[in-house]
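See structure below.
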Amino acid sequence: MFKLTKFIKGKALIFTIIGVLCVMGAAYLDSSQPTFLNDAITSFSSAGTNDFWWGTHWHITSMTGNSIYAFWPAILMMSIYAIGSLILGLSGSFLGSAAALFSAMNTRQGMYSKVNTYSFYEVDKFSTASLITRMSNDVQRNQMCLQMILTFLFRSPVTIIVSIVNSFTPPMGNTTYGCIIIAIVIVMLTVVAAIGFKVLPIFTKAQNKLDATNKVMRENILGARVIKTFNIQNEQHARYEEQNKDLKKLNIRGQALLLPIMSVIMFILNASIVIILIVAGLQFRYSSSHPQINAGIFAFTQLIAIVLFNTLNAIMVIVMATRTEASAKRINAVLDTDPKIKDPINPKALNNNYTVKFKNVDFKYNDKAQVNTLEKIDFEIDSGKTLGIVGGTGSGKSTIANLIPRFYEVNSGAIEIGGTNIKDVTQTELCDKVCLVPQDALLFSGTIESNLKFGKKDANERDMQQACDDACAWDFVSKMKNKLQSHVEQRGRNFSGGQKQRLSLARTLIKHPKILILDDTTSALDLLTEAKVQENLQKNYKDCTKIIISQRISSVKNADKILVLDAGKIVDSGTHQQLVKTSMLYRDIVQSQLGKEGME
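Taking this note's numbering, the leading residue of the sequence shown gets 103, the next gets one more, and so forth.
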């Protein structure tokens, strides 16, 4: 948790400092109350039957320094201290809450900035569900814990220390009382530390299990249509219920260890009062040096209650910190993970040549994998030309697409753009020049215009209309009531698959990329619309190097070069006419889709 204190900065730091000073001031005022109570009780008990203490008992400390008890001054000081403690306590609580909120905001921003630097390796490592849980649930736990620390943990030690000092100070206290209080505090902290040592691993497992539970829940919600289609609601419910039960069991185990703490604390509190009363009685019975013990014992009992109450607060904070430690570790894991793909120290700039070249590239997603996903990939496509990639499912087509913008790092070999190794180029410049449009088109909630401006922030209406026209999206956008201002629901749920693909393509085209990668982007389009899109790309984006990955031969038929992949290897390459004559695999694909006419 200490590593997260770096996010207590700016307003959070200012509120923390002022808030801590307020609660420490309130703690000092609270711990001074038993002293005034002792003076008041002693003054009251020392008044004679004919002494109207309420009007005449105003004794103060003598010039010789001897304590002369006073009732009304003590009552007045108790009132002043109580009001001061109330004001400082409320201020400290408010400022502590504000500091915790600003700190949580800083933490989320720090995590979000860190995640934005991740490559796909790190995202795959943590999983999307886990990252969401860490940035929401875990940060919230830390926020609540910090709030309690600022509100109670700084207040309790001051109160306990001042109270212990008073317990050693006559006339209210003595060495015996002070030692008893210290022993009680040590016993309480020891019990809590022992329980916390057992609880921490359980709550760490519980947070990890929460990730798994959220993952299943997220899959079930996003895949609701598939679940209903296959009528597997009961099976998926059982799957979620199993994860939820495991989470419940872990939380029950942890709570079972925490619940006895309150009972143990109350037992120690009651036992300590009994012990103090017994000791006071023995002192009063056998010692002539404690004539005022019958009056001071009431004030000392209040002192014990204050000490134990604040010890209890400190313990509850420690218990919560124990639970929060698991969340803090998960947050730090995100913050401490460095992205595998980093920018070069001395980056190079891409020139105006956007020839893409793979030089003997090998790649696998997992270092422990026995077989490479891609093996000995070697090809070149000149700047402004079109490359088509076809192959069966799992042949490695999309992997090639992900390697060009450096979403993943090659294991061996090199990828060059215009003769420059992409490892020598910053990721910002690379992604500015290389645009990948995936098959699973993702639209963000907002409007069509706000989505298109992801590609070009300063795009005007003419730019957006032209991009939509090139992607064959203007046909349906122009018919919508609000046109470019039409509402887009989360993930584009109010659009069909083909419409989302065309809007996603338009969002990319408006950027005028130098290298355009279409990863089965037109799979949901009919053949006529797809042919129109291909025609527009060839006509209006002549200087753009285009890499088209598709299951359809019609999408790549007119490409300058076509690669045929199988099991992660390039088995054939050439133009459509060449491959029809030389590649048996390509011929089989063509014939299965286009029939004998496609062989011509």
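Note that the Cβ used here is the ideal one computed from N, Cα and C, for glycine as well.
Subject >> Of the listed residues T209, K347, L203, L255, nearest to M733 (C-alpha basis) >> reply: Nothing in the structure corresponds to residue 733, since the chain is present only between 103 and 702.
Subject >> Nonlocal neighbours in the same chain, by C-beta distance under 7 Å from L629, ignoring five residues either side >> reply: Stepping through the sequence shown from its first residue, residue 629 is reached at position 527. Only S656 meet the Cβ criterion.
Original post:
To the nearest angstrom, how far is it from the Cα of S187 to the Cα of S193?
Top reply: For the purposes of this step, residue 187 is taken as residue 85 along the sequence shown, with counting starting at 1. For the purposes of this step, residue 193 is taken as residue 91 along the sequence shown, with counting starting at 1. In a straight line, the C-alpha of S187 is about 10 Å away from that of S193.
Original post:
Taking all protein chains shown into account, do 16 or more other C-beta atoms lie within 10 angstroms of the C-beta of S547, making it buried, or fewer, making it exposed?
Top reply: Counted from its first residue, the sequence shown places residue 547 at position 445. Exposed: under 16 other Cβ atoms inside 10 Å.
Original post:
According to DSSP, is S365 helix, strand or coil?
Top reply: Reading the sequence shown from its first residue, position 263 is the one you call residue 365. Three-state result, S365: helix.
Original post:
Distance, Cα to Cα, L371 vs I380?
Top reply: If you number the sequence shown from 1, residue 371 lands on position 269. If you number the sequence shown from 1, residue 380 lands on position 278. Cα to Cα, L371 sits roughly 14 Å from I380.
Subject >> Whole-angstrom distance between Y279 and I378, CA atom to CA atom >> reply: Stepping through the sequence shown from its first residue, residue 378 is reached at position 276. Stepping through the sequence shown from its first residue, residue 279 is reached at position 177. The alpha-carbon atoms of I378 and Y279 are separated by roughly 7 Å.
Original post:
Under the three-state reduction of DSSP, which class applies to Y688: helix, strand or coil?
Top reply: By one-based count along the sequence shown, residue 688 stands at place 586. Helix at Y688.
Original post:
Mapping DSSP to helix, strand and coil, what is L538?
Top reply: By one-based count along the sequence shown, residue 538 stands at place 436. Strand.
Original post:
Hey, is the stretch 635–650 in contact with the stretch 608–621, meaning 3+ C-beta pairs nearer than 8 Å?
Top reply: yes
**OP:** Helix, strand or coil for I479, going by three-state DSSP, please let me know.
**Re:** Numbered from 1 along the sequence shown, position 377 holds the residue referred to as residue 479. DSSP places I479 in strand when its eight states are reduced to three.
Original post:
S625 to R654, Cα distance in whole Å?
Top reply: Here the question's residue 625 lines up with position 523 in the sequence shown. Here the question's residue 654 lines up with position 552 in the sequence shown. Roughly 8 Å separates the two Cα atoms.
Subject >> Of the residues R595, D674, S195, L410, the one placed nearest Q249, counting alpha carbons only >> reply: The sequence position of residue 249 within the sequence shown is 147, counting from 1. Ranking R595, D674, S195, L410 by Cα distance to Q249 puts S195 first.
Original post:
Less than 7 Å separating the beta-carbons of G600 and L545?
Top reply: Along the sequence shown, one-based indexing puts residue 600 at 498. Along the sequence shown, one-based indexing puts residue 545 at 443. Going by C-beta atoms, G600 is not nearer than 7 Å to L545.
Original post:
Does DSSP classify L667 as helix, strand or coil?
Top reply: As a first step, residue 667 must be located in the sequence shown, where it is residue number 565. The answer is strand: DSSP assigns L667 an E or B state.
Original post:
For I120, which residues from the same chain have a beta carbon less than 6 Å from its beta carbon, with the 5 sequence-adjacent residues on both sides left out?
Top reply: Indexing the sequence shown from 1 puts residue 120 at position 18. Same-chain partners within the cutoff: L197.
**OP:** Check whether the Cβ atoms of N412 and I262 sit closer than 7 Å, and answer yes or no.
**Re:** The residue you call residue 412 lines up with position 310 of the sequence shown. The residue you call residue 262 lines up with position 160 of the sequence shown. For N412 and I262, yes; Cβs fall inside 7 Å.
**OP:** Label M566 either buried or exposed according to how many other C-beta atoms from any shown protein chain fall within 10 Å of its C-beta, with 16 as the threshold for buried.
**Re:** Reading the sequence shown from its first residue, position 464 is the one you call residue 566. M566 should be labelled buried.
Subject >> N513 to K216 span [Cα, whole Å] >> reply: Numbered from 1 along the sequence shown, position 411 holds the residue referred to as residue 513. Numbered from 1 along the sequence shown, position 114 holds the residue referred to as residue 216. Roughly 24 Å between the two C-alpha positions.
Subject >> H339 - DSSP class collapsed to helix/strand/coil >> reply: For the purposes of this step, residue 339 is taken as the residue at position 237 of the sequence shown. Helix.
Original post:
Do T306 and L349 have their CB atoms nearer than 7 Å?
Top reply: Along the sequence shown, one-based indexing puts residue 306 at 204. Along the sequence shown, one-based indexing puts residue 349 at 247. Cβ distance not < 7 Å, so T306 and L349 don't count as in contact.
Subject >> Where Y183 falls, given that 16 or more other Cβ within 10 Å makes a residue buried >> reply: Counting from 1 along the sequence shown, the entry for residue 183 is found at position 81. Result: buried.
**OP:** Can you give me the Cβ contacts of L190 inside the same chain, cut-off strictly under 8 Å, excluding the 5 residues immediately before and after it?
**Re:** Within the sequence shown, numbered from 1, the residue matching residue 190 stands at position 88. Hits under 8 Å: C124, V125, G127, A128, L131.
Subject >> Beta-carbon gap between K425 and D240 smaller than 7 Å >> reply: The sequence position of residue 425 within the sequence shown is 323, counting from 1. The sequence position of residue 240 within the sequence shown is 138, counting from 1. In the sequence as presented, Lys is not what sits at residue 425; that position holds Arg. Result no, Cβ atoms of R425 and D240 do not sit closer than 7 Å.
Original post:
Roughly how many whole angstroms lie between the Cα atoms of L607 and G356?
Top reply: Walking along the sequence shown from the start, residue 607 turns up at place 505. Walking along the sequence shown from the start, residue 356 turns up at place 254. When rounded, the distance between both Cα atoms is 51 Å.
Original post:
Mapping DSSP to helix, strand and coil, what is E703?
Top reply: Residue 703 lies beyond the residue range present for the chain, which begins at 103 and ends at 702; the question has no answer from this structure.
Original post:
N336: buried (16+ other C-beta within 10 angstroms of its C-beta) or exposed?
Top reply: As a first step, residue 336 must be located in the sequence shown, where it is residue number 234. Looking at its Cβ environment, which holds fewer than 16 other Cβ atoms inside 10 Å, N336 is exposed.
Subject >> Cβ-Cβ separation, L476 to I502 (assumed contact under 8 Å), whole Å >> reply: Here residue 502 refers to the residue found at position 400 of the sequence shown. Here residue 476 refers to the residue found at position 374 of the sequence shown. With a Cβ gap of about 7 Å, I502 and L476 count as contacting.
Original post:
Excluding five sequence neighbours on each side, which residues of the same chain lie with their C-beta closer than 7 Å to the C-beta of V318?
Top reply: In the sequence shown, counting from the first residue as 1, residue 318 sits at position 216. Taken in chain order, the residues that qualify are R341, Y342, Q345.
Subject >> Residue of T235, Q338, D690, A669 minimising C-alpha distance to Y214 >> reply: For this step, residue 214 is matched to residue 112 along the sequence shown. The residue with the shortest Cα to Cα distance from Y214 is T235.
Original post:
What did DSSP end up calling V512 once you bin it into helix, strand or coil?
Top reply: As a first step, residue 512 is located in the sequence shown; it is residue number 410 there, counting from the start. Residue state, collapsed to three classes: coil.
**OP:** Look up N523 in the DSSP assignment and say whether it is helix, strand or coil.
**Re:** Here residue 523 corresponds to residue number 421 of the sequence shown, with the count starting at 1. Reduced to three states, the DSSP call for N523 is strand.
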